[in-house]
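A.B. asks: Handing you this structure, nothing more for now.
Residue numbers (the UniProt record's numbering): 1 to 566.
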């Protein structure tokens, strides 16, 4: 018997890893077969084994026995009616918990066979799928509708900002960067990152809950919460992830939630809304009357989120923040405000448009980026402590992503603190924006009117916009990226220009002269030409838009004189 058990133990992975008490327990648990005959749980399990079931059938024919005690065919043969003399093992088995011995074990032979059968390939396709042809077909569609995205090799030079060099080493002036204030090269930011890199190394070491939660991350979140006057904040790898993760998690968790989304919202918000599975209602861009009509269609007691932006980066428009806040209060909704293109840029401390217009305290959730005005990378949300903790606890986009490297966090933290105090970068950027809009308007170049720091120049055709961008780059050494569908609507393709404090008058002269020459040589539509065809994208409709930041905040009007006039 000892020799038999030894051989069986070596041959059968089930018997070798199953504790004797479990086998004994199974052999005493009474069950009934499908035909109603009484048996034990162990014997019933053995009958399900593709090997053992055959052996039982053969032996039954020979002697009419309903059990077998020979284990030469299957490991179950040695344990059908229980075993009383199995030698003890040195290591405790881990295959089956003795406390759950009443649960029938899986036969390893049967399990392997079932797994193989389950994943057997299905035949029926006329021919193998051609993956490479599929990829090319999708790319061909992009080329055909002129929405294919080209990526220029642009390497910004910190010491010569806003100058960069191309892949061939030629110097060009960058006029379309989202590093709005030039903070990516600011000495206080760079020095902070260098010191942190030397001290803590390159990487964070893991996700936030596994080795990647350092004091720097906590300090950054405290600083962001303070910036937006909220109890808490949470940092993500990017604001795309922050928007997607927060909206999908929040709306997905709230039963019956309805999301009201501005039609011009960023792709990250659209993705989050889609991933939430919640009902959505899209209101016309910045149209509060349309928004209210949609809110009236939903039960006032149902959970609702109004998602919108402060600065819409492709047209430069600014959301009606106070009006939307009023509607949210009236219809029992919460507000989700994306300040990506406004943080660092507006407000006394860089808190965004909501801070500048004194509406920040009435916004429920604010999202922002560390990768534009602050010059580094990353995104975040700010809101109530329970909200932030809920997103931290449930959002896969936060939980399962390696946290930002210490040097990145240190740079962002330094940049935020610096821009809380310094006004000169914001003022310099606003003044250069005003100057460029004014100069282009004087010569009739079609600038999409808006109150923000964005200067969109309307072209109206995807292929032409790409061609103009190329000419600026290769002939005039000016880099301005063309913007095509789906970022903007078909027929509203444009050049998106973003002045910085570093674009001094001499650089502006070169840009304005180049655009003037290209527009006249190519016969492109000037502002008056768009007006003649009824206008497009706000150009040529006679609308004059005042800038959000008033003269007094830029030092253009002396406070004493202003008071005297009033």
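We put the CB at the ideal spot given by N, CA and C, even for glycine.
Which residues does DSSP pair with residue 456 in a beta bridge?
C.D. replies: Its beta-bridge partners are 496.
A.B. asks: Among the candidates 474, 541 and 359, whose CA atom is the shortest distance from the CA of residue 174?
C.D. replies: If we check each option's Cα against that of residue 174, 474 comes out closest.
A.B. asks: Determine whether the beta carbon atoms of residue 538 and residue 527 lie at a separation below 8 Å.
C.D. replies: In this structure, residue 527 does not lie closer than 8 Å to residue 538 by Cβ.
A.B. asks: Kindly give me the distance between the Cβ atoms of residue 533 and residue 401, rounded to whole angstroms, as I take these residues to be in contact under 8 Å.
C.D. replies: Contact doesn't hold; Cβ gap of about 48 Å is too wide.
A.B. asks: Grouping DSSP H, G and I as helix and E and B as strand, with all else coil, what is residue 368?
C.D. replies: Residue state, collapsed to three classes: strand.
A.B. asks: Flag this pair as yes or no: are the beta carbons of residue 350 and residue 340 separated by less than 8 Å?
C.D. replies: Contact: no.
A.B. asks: Taking contact to mean 3 or more Cβ pairs, one atom from each stretch, closer than 8 Å, check whether the stretch 191-206 and the stretch 403-418 are in contact.
C.D. replies: Touching, yes.
A.B. asks: Under 7 Å from any heavy atom of the ligand MN, does the C-beta of residue 318 make it?
C.D. replies: Although the ligand MN was asked about, the structure shown includes no ligands whatsoever.
A.B. asks: Kindly indicate which residue of 271, 443 and 230 has the alpha-carbon position closest to the one of residue 239.
C.D. replies: Measuring from the Cα of residue 239, the nearest candidate turns out to be 271.
A.B. asks: Going along the chain, which residues of its own chain have a beta-carbon closer than 7 Å to the beta-carbon of residue 292, five neighbours each way excluded?
C.D. replies: Excluding positions up to five away in sequence, the list reads 327.
A.B. asks: Could you tell me if residue 313 is buried or exposed, where buried requires 16 or more neighbouring beta carbons within 10 angstroms of its beta carbon?
C.D. replies: That one is buried.
A.B. asks: Throw me the rounded Cβ distance for the residue 381 and residue 246 pair, which I believe falls under 8 Å.
C.D. replies: About 5 Å; that satisfies the 8 Å criterion.
A.B. asks: Quick one: using the 10 Å Cβ neighbour count with 16 as the cut-off for buried, is residue 459 buried or exposed?
C.D. replies: Buried, by the Cβ-count rule.
A.B. asks: For my contact list, residue 364 and residue 383 are in at a C-beta cut-off of 8 Å; report their separation, rounded to the angstrom.
C.D. replies: That pair is a contact at about 6 Å.
A.B. asks: Are there three or more Cβ pairs, one per stretch, closer than 8 Å when the stretch 216-232 is compared with the stretch 358-374?
C.D. replies: Yes, the stretch 216-232 touches the stretch 358-374.
A.B. asks: Could you have a look at residue 179 and say whether DSSP puts it in helix, strand or coil?
C.D. replies: Correct three-state label for residue 179: coil.
A.B. asks: Starting from residue 305, trace the beta strand (DSSP E) both ways and give me its first and last residue.
C.D. replies: Segment 304-309, the beta strand (DSSP E) holding residue 305.
A.B. asks: Taking DSSP as the reference, what is the three-state secondary structure of residue 550?
C.D. replies: Here residue 550 sits in coil by DSSP.
A.B. asks: Quick one: what does DSSP say residue 299 is sitting in, helix, strand or coil?
C.D. replies: Residue 299 falls in the coil class under three-state DSSP.
A.B. asks: Would you say the stretch 448-465 touches the stretch 492-507, given that touching needs at least three Cβ pairs under 8 Å?
C.D. replies: Yes, since at least three Cβ pairs between the stretch 448-465 and the stretch 492-507 fall closer than 8 Å, the two stretches touch.
A.B. asks: Given 8 Å as the limit, is there contact between the stretch 516-525 and the stretch 418-426, that is, 3 or more CB pairs closer than that?
C.D. replies: Short answer: they don't touch.
A.B. asks: Can you tell which of 554, 223, 433 and 322 has its C-alpha closest to the C-alpha of residue 503?
C.D. replies: Comparing Cα positions, the closest option is 433.
A.B. asks: Closest to residue 403 by CA distance: which of 234, 138 and 223 is it?
C.D. replies: The candidate whose alpha carbon is nearest that of residue 403 is 234.
A.B. asks: Starting from the N-terminal side, write out each stretch of the alpha helix (DSSP H) that is 4 residues or longer and does not extend beyond the stretch 324-389.
C.D. replies: Listed in chain order, the complete alpha helix (DSSP H) runs (minimum 4 residues) inside the stretch 324-389 are 353-356.
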